[in-house]
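Asks: Here it is, the structure, as structure tokens.
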Amino acid sequence: MPAGAKVSRPIQPSTSRCRLVSSAALIAESGAQRGRSNTPRLVSACIAHELNQPLSGIMTNASTCLRMLNADPPNIEGARETALRTLRDVNRASEIISRLRTLFAQSEAAESLVRSESPVEPLDLNQLVLDAISLSQSDLRTGGVTVTFDLTNNLPYLTGDRIQLQQVLLNLIRNANDAMSGVHDRTRTLTIATSHEEDDHVRVSVQDVGVGFADEEVDKVFRPFYTTKAHGMGIGLSVSRSIIENHRGRLWGMANTDGPGATFCLVIPCTPTKISQQRSDDASCRPPYALAVEVGL
Amino acid sequence: MSDAGPLVAVVDDDVSVRESLPDLICEFGFSARAFESAAELLACDSLGEIRCLIVDVEMPGMSGLELLHKVKHRGYAIPIVFISGRGSEAFRRRLMEEGAAECLFKPLTSEALLDAIEAALRTT
């Protein structure tokens, strides 16, 4: 005869957050081992894993509950406790679902992340940057952020998925904005710069003067489900990195050395010469980036 | 913790597993104890009383597999049933080759868990 009634303990709150980090790190590693990350697979693996945790609890608690009720005499108090825990785990699962809903509602463009076929076209990095700032304008204004541009003219084109790359820039801008929300003793400045790197790459950096992060967090911030935000899903940077890696580029972050805040940089290879030549005719027609002045918020 | 039956220890960093699994294990008629991490288990002075370990594979700090090697290295022949959120047969095979008694995927059914514990206890 099992121990039956046990000392009743308070039901512990969910600690899914720390759990998310560990499991996600594992998934991130397995992605890295494959050498190339696959965004939809990565995201669905994370979601599956996170939902599995509360589902596991639900299954175990419900089984325990039934056994307690079927015992002779039934252990009503124990069954009540396990039923309450089952509900707690159901809430935990719902929380994951609602966070996912929020994430995907943030932008319709996020849908492109799960589309297998998306158009790839020659793109002007400066224009992508300006478009992303334009799209973020109202958020940046709300956040009281001043935008400084340091854009290099006549950058070579890169080839990529416009919506996905825009998604990455929007994410970096949103993170910078969020990181500066608690800053009151200095101007909330977002500096966005583009350049042509020597090895035929174009580069963009997004610098903020926000809370920054500690050295040991440098890699953690790219782990799926790692977040320092109260309402963040924690997959923005990991998905962004996948997108950039799928464009044969690199995305990394670092704490600013000359003051508070962080800088995120990405490099993407330029379009091979053939396409560059095709586009060189209209190079003179490229926007002069006068918009930059207008959006200096 | 119950006085009945062999002692089964659960090692999982997830609090809901640590709360729910020991209760189910007690319902099976065993006694149960939960540990938050591999380090906490290794630091406890009653390692020798444990007849079966239920270990989460993916834990921060020392992983389930590292724990298996540490336990073995200390000279304990405690069968280990792994529980994992990653449902890959190849992964399960690898754990079995490393000396696991069983590897179950979450979410666990109570029948599968009971079978695994009983089979593990028969090996000792």
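Each protein sequence line maps, in turn, to chains E and D.
Here numbering that gives the first Met the number 0 is used: position 290 in the first sequence is 289, and no number is missing along the way.
Here numbering that gives the first Met the number 0 is used: position 54 in the second sequence is 53, and no number is missing along the way.
Just so you know, even glycine gets a beta-carbon here, dropped at the ideal spot from N, CA and C.
1) Comparing alpha-carbon positions, which option in D198(E), F148(E), V119(E) and L168(E) lies nearest T158(E)?
2) Determine the chain D residues that contact S62(E) at a beta-carbon separation under 7 Å, and present them in chain order.
3) What does DSSP give as the partner residue(s) for P121(E) in the beta ladder?
4) Can you list, in chain order, the residues of its chain whose CB lies under 6 Å from that of A94(D), leaving out five sequence neighbours each side?
5) Would the beta-carbon of A178(E) fall within 8 Å of that of V217(E)?
6) Return the chain-ordered list of same chain residues with a C-beta closer than 8 Å to the C-beta of G98(D), the five sequence neighbours on each side being excluded.
7) Could you pull the start and end residues of the beta strand (DSSP E) that G63(D) belongs to?
8) Would you identify the three-state DSSP class for G98(D), choosing helix, strand or coil?
9) So, with DSSP's three-state summary, where would you put L236(E)?
10) My parser needs the beta strand (DSSP E) runs of 3 or more residues fully inside the region 137-188 of chain E; what are they?
11) Is it right to say R140(E) is buried, meaning 16 or more other beta carbons lie within 10 angstroms of its own, or is it exposed?
12) Could you check what DSSP says for L52(D) in three-state terms: helix, strand or coil?
13) Could you check if T145(E) is buried or exposed, using at least 16 other CB atoms within 10 Å of its CB as the buried criterion?
14) DSSP three-state call for G56(E): helix, strand or coil?
15) If we define contact as Cβ-Cβ less than 8 Å, is G235(E) a contact residue for chain D?
16) Less than 8 Å between the CB atoms is what I'm expecting for V167(E) and S239(E), so what's the real figure, rounded?
17) With a Cβ-Cβ cutoff of 8 Å, do V54(D) and V10(D) count as a contact?
18) Measure from the alpha carbon of T186(E) to the alpha carbon of each residue in N125(E), I243(E) and G142(E), then state which is nearest.
19) Suppose contacts are defined by Cβ-Cβ distances below 8 Å. Is L107(D) in contact with T59(E) by that definition?
20) So which residues on chain D does S55(E) lean against when the C-beta distance must stay under 7 Å?
Replies: Here's the rundown:
1) Comparing Cα-Cα distances from T158(E) to each of D198(E), F148(E), V119(E) and L168(E), the minimum goes to V119(E).
2) L23 and S109
3) T158(E)
4) Residue 94(D) is actually Leu in this sequence, not Ala. Closer than 6 Å at the Cβ level, and outside the excluded window around L94(D), lie F81 and C102.
5) Taking 8 Å as the Cβ cut-off, A178(E) and V217(E) do not qualify as a contacting pair.
6) L67, K71 and I79
7) Run containing G63(D): none in the beta strand (DSSP E); it sits in the alpha helix (DSSP H), G63 to H72.
8) coil
9) Of the three classes helix, strand and coil, the one that applies to L236(E) here is helix, per DSSP.
10) 145-149 and 157-159
11) exposed
12) DSSP places L52(D) in strand when its eight states are reduced to three.
13) exposed
14) helix
15) no
16) 4 Å
17) Closer than 8 Å, so yes.
18) G142(E)
19) yes
20) V16, K105, P106 and L107
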